[in-house]
Amino acid sequence: MMVLISGGKVPNHHYQQTAQAIQDSAAQEGLSLWLVIPTVFQNLCIISCFSKSFCSPLHSAVEAALSAAAKQGWERGRDSEDLWLAGHSLGATCANVLFQAYNSSKGLPYAGLVVMGGYVDEAGDYDLIHYPVPVLSLNVELDGGLARPGKISTWWHQFLQLREQEGSEAVTSKSVIVLPKLNHSDFCPGFDVPGDLPAEVTQSEATRTIGETIAAFLTLHWKGAEGDRASALRLLTRQLEWTEELMTPYLKAQQLERTATDHNVSSEGTSPFCRQAQRVLAGLSAADAQKLEVEDGFHISSPNLEHCHPAWTVNGSKLLVHSCSHTNFYPDISNTGKITAAEEIACKLLSADRVAEQLKTHPEHDRLPCAAMNRMAVEMAEQLAASSTLQRYRAKGRGWCFLEDSSSVAGPVWVFKDRLALKENSTCMAVQSPSMLTDLSARIYPGIHYCKLLSPARVLDWMMTDSLKPGSRDDLSIII
22 MMVLISGGKV PNHHYQQTAQ AIQDSAAQEG LSLWLVIPTV FQNLCIISCF
72 SKSFCSPLHS AVEAALSAAA KQGWERGRDS EDLWLAGHSL GATCANVLFQ
122 AYNSSKGLPY AGLVVMGGYV DEAGDYDLIH YPVPVLSLNV ELDGGLARPG
172 KISTWWHQFL QLREQEGSEA VTSKSVIVLP KLNHSDFCPG FDVPGDLPAE
222 VTQSEATRTI GETIAAFLTL HWKGAEGDRA SALRLLTRQL EWTEELMTPY
272 LKAQQLERTA TDHNVSSEGT SPFCRQAQRV LAGLSAADAQ KLEVEDGFHI
322 SSPNLEHCHP AWTVNGSKLL VHSCSHTNFY PDISNTGKIT AAEEIACKLL
372 SADRVAEQLK THPEHDRLPC AAMNRMAVEM AEQLAASSTL QRYRAKGRGW
422 CFLEDSSSVA GPVWVFKDRL ALKENSTCMA VQSPSMLTDL SARIYPGIHY
472 CKLLSPARVL DWMMTDSLKP GSRDDLSIII
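Per the working numbering, the very first residue in the sequence shown carries number 22; after that it's consecutive.
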């Protein structure tokens, strides 16, 4: 038996095609699968299960649906072995909370969990790694909302950790799959989820793919299944390979924000992006660039960034620069944030004039603004992007507009108050960097160049999702 909890404000009859596809695919694998879709109050499961301490109304709705199935011939066995829980979108959140609410030392309440266009906890006992039962996290490439690929990167990273520990067993126990060309609404045919992206496959193809994937995962776990487990594993493995092609660029882009394991300068890591920004801002010729070495120290807290200042050491003809970095992130209260990339990367750098002075040379070009580093972030993202992401973005996506830097009046203001501004309109996402640049003759901190910069991971999130939306000519609100 599978219990499927519907998404927010989606009447449960919109899941009939999905349910039938799961059952049909399961039957081909030799599974006789019952499936119920409980009716929830006002089509909002969260009203009936908003926390682990208040989830009994949803549990009662589930039990009522199971009782109705029993009257039609379903025979209940051991829930921990053959009763699966599933949910779509907000229903996935409710399914996750329901499992936790009724899990106890006496036994598991369900045999496994399938979250569609949703996710489990980000951390703790019920993140993907530690979840006590098998979990299939089934997502889609063209999700326009909270389950966008950038958000799902959190659980993809956890899957990679599991795969490193367990090998192929991770595929069986905790698969995280993104299906190409499907959208969030494909899970509930006939209901168009607001803010979603257009799908690039037919609904029938999408429904069939969803059904085959879920049935394959069930085949690996259902006792007495007669299906070909090897075939099911091959299907999931192929889908995971495609998911890896999509998600690897995003994880690489996040590593550019901060590499936590590099403790050469700071115990809190380094920012490869700030390190590269220093080299580009220096504006040196190819020959002079060979004489410049940059080491960056990352600081998790803003106060530590405030007290860090770029420094340098000259050794013969070589110049070693120590830069300072920090990232700010978007709010993510109770796992409700949608952007996992940094809101901004703060880089404290030496000015091109200071670098040229110490190397006894001249820059090849005039002073570069921070905006030039935002262009660099976009170039990096495009170089990293999966082919499907880049092709779609170039064909349909809104690009970037680079505004002149805004001037910060003082270092503490730059650190604590001024923020990278993103302004979305019908043609592009406009980006503006707060900047602080001092001359070599300045009284306070001469020869520095501070920039709040765009993250390549933020660029990739835009490319994969929001750039594909039409936008509005009047939408000029600052996104922070």
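Ideal Cβ positions, reconstructed from N, Cα and C, are used throughout, including at glycine.
If residue i sits next to residue j, beta carbons under 8 Å apart, how far is it from one beta carbon to the other, in whole angstroms?
i, j, result
"G138", "V118", "16 Å between Cβ atoms; not a contact."
"V192", "T234", "That pair is no contact at about 12 Å."
"L363", "T348", "Per the sequence presented here, residue 363 reads as Ala, with Leu not at that position. Right, the Cβ-Cβ distance comes to about 4 Å (below 8 Å), so this counts as a contact."
"S429", "W435", "4 Å"
"W105", "A132", "5 Å"
"L443", "M450", "6 Å"
"L370", "S344", "5 Å"
"S456", "P390", "7 Å"
"K202", "L163", "7 Å"
"T361", "T175", "6 Å"
"C70", "L56", "About 20 Å; that fails the 8 Å criterion."
Mark residue i as exposed unless 16 or more other C-beta atoms lie within 10 angstroms of its C-beta, in which case mark it buried.
i, result
"I501", "Legend: pLDDT at I501 = 23, less than 50; position of this residue unreliable, value from coordinates given subsequently. I501 comes out exposed."
"E185", "exposed"
"K473", "buried"
"G211", "exposed"
"S158", "buried"
"R388", "exposed"
"L461", "exposed"
"G98", "exposed"
"R375", "buried"
"S189", "exposed"
"L340", "buried"
"R413", "buried"
"V342", "buried"
"T223", "exposed"
"R479", "buried"
"K30", "exposed"
"S498", "At S498, the pLDDT of 33 sits below 50, so the modelled position is not reliable and the matter cannot be decided from this model."
"K127", "exposed"
"V24", "buried"
"E400", "exposed"
"V335", "exposed"
"F437", "exposed"
"S194", "buried"
"F120", "buried"
"Q260", "buried"
"Q93", "exposed"
"F62", "exposed"
"P467", "exposed"
"G432", "buried"
"H34", "exposed"
"H386", "exposed"
"A377", "buried"
"R415", "exposed"
"H284", "exposed"
"R464", "exposed"
"D287", "In the sequence on display, residue 287 carries Ser and not Asp. Buried, by the Cβ-count rule."
"Q275", "buried"
Determine the contact status of residue i and residue j, defining contact as a CB-CB distance below 9 Å.
i, j, result
"S454", "L277", "no"
"P197", "W177", "According to the sequence shown, residue 197 is Val rather than Pro. Going by C-beta atoms, V197 is nearer than 9 Å to W177."
"A398", "F319", "no"
"A402", "M268", "no"
"V141", "L149", "yes"
"F208", "I173", "no"
"G171", "L481", "yes"
"L305", "K312", "yes"
"H109", "G166", "no"
"L54", "L183", "no"
"A392", "E425", "yes"
"L5", "P491", "Outside the shown range of the chain, which is 22 to 501, sits residue 5, and nothing can be said about it."
"A298", "L326", "no"
"A48", "C76", "no"
"T114", "I58", "no"
"L134", "Y152", "yes"
"S206", "V214", "yes"
With DSSP as the reference, please indicate the residues paired to residue i in a beta bridge.
i, result
"W105", "M23, G133"
"C449", "G420"
"Y471", "K369, M457"
"L313", "L340"
"L157", "V135"
"A227", "In DSSP, A227 forms no bridge with anything."
"L56", "M23"
"F75", "S72"
Could you tell me which whole beta strand (DSSP E) segments of length 3 or greater appear in the region 320 to 363?
332 to 336, 339 to 350
Identify every run of the beta strand (DSSP E) within the region 177 to 205, keeping only runs that are complete inside it and at least 3 residues long; order them along the chain.
Listed in chain order, the complete beta strand (DSSP E) runs (minimum 3 residues) inside the region 177 to 205 are 197 to 204.
Completely contained alpha helix (DSSP H) runs for the region 383 to 416, where each covers 4 or more residues:
391 to 405
Can you give, in chain order, each stretch of the alpha helix (DSSP H) that sits fully within the region 232 to 317 and has at least 4 residues?
250 to 278, 293 to 303, 307 to 310
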